[in-house]
Amino acid sequence: MKWHVAALRFEIAMLRHARILRKAGFRPDQARDEQGRWVEEGRDEESSGDQDIGDALELSAQRKPDGHHFVPRAVVSKFELSDDAISEFENAKTGKLFAEKHGWSAQHRTYNEAVEQKLEQFLKSNMTRAEDTSAGQARQFVDEIKWSRDPRIRGLNMKISTREIMHWIRRMPRAGD
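Under the working numbering, the sequence shown is numbered contiguously, ending at residue 180.
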């Protein structure tokens, strides 16, 4: 029972930390110099003008696993959303998962179906077309998914969070060590 309480406290601390980072404008994908300091984006003094290679590298980097998308790509591709909304949905993810491979499952398929239904409801309730969805509306929808009480959505999100928490708890030193 104690470890359940500890796990919940850890999860709350992680959520608070993530909220603070988000408020401060932290973006893990922002360019940095060799000392780890943020650099001004849009300025590349070493650019040789060959943008095709840079674009190809960027695309290959995007294909690497980087966590669970709260609004899955399969759902996003079914709607003709604005570029701003697509960008918000692409960036709304847990970040790298360390515990185990985040794979495909029947539960994930159910999650996708539930998120798709929620997005349809969201668009209807806000009386907006998919292509007119703003970045703010996309963020609002992501928050609805993150904190959803729908068991099809909450179940998978909690499973992923719990798995990550347990991964780190197992690596913590024990009291007698």
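Where is the CB? At the ideal position from N, CA and C, for every residue including glycine.
All values derive from a computational prediction rather than experimental measurement.
The way I'd put it, the segment 123-137 doesn't touch the segment 71-80; fewer than three beta-carbon pairs between them come closer than 8 Å. Taking a 10 Å sphere around the C-beta of residue 122, we find 16 or more other C-beta atoms and assign the residue as buried. Between residue 5 and residue 137, the alpha-carbon positions lie close to 43 Å from each other.
Here the alpha carbons of residue 172 and residue 110 stand approximately 25 Å from one another. Only residues of its own chain outside the window of five on either side were considered, and among them 138, 141, 142 and 145 have a CB closer than 8 Å to the CB of residue 91, listed in chain order. DSSP places residue 88 in the uninterrupted alpha helix (DSSP H) bounded by 86-94.
Rounded to whole angstroms, residue 85 and residue 147 show a C-alpha spacing of 19 Å.
Taking the Cα of residue 107 as reference, the smallest distance to any Cα among 71, 89, 83 and 119 is reached at 71. When secondary structure is reduced to three states using DSSP, residue 35 falls in the strand class.
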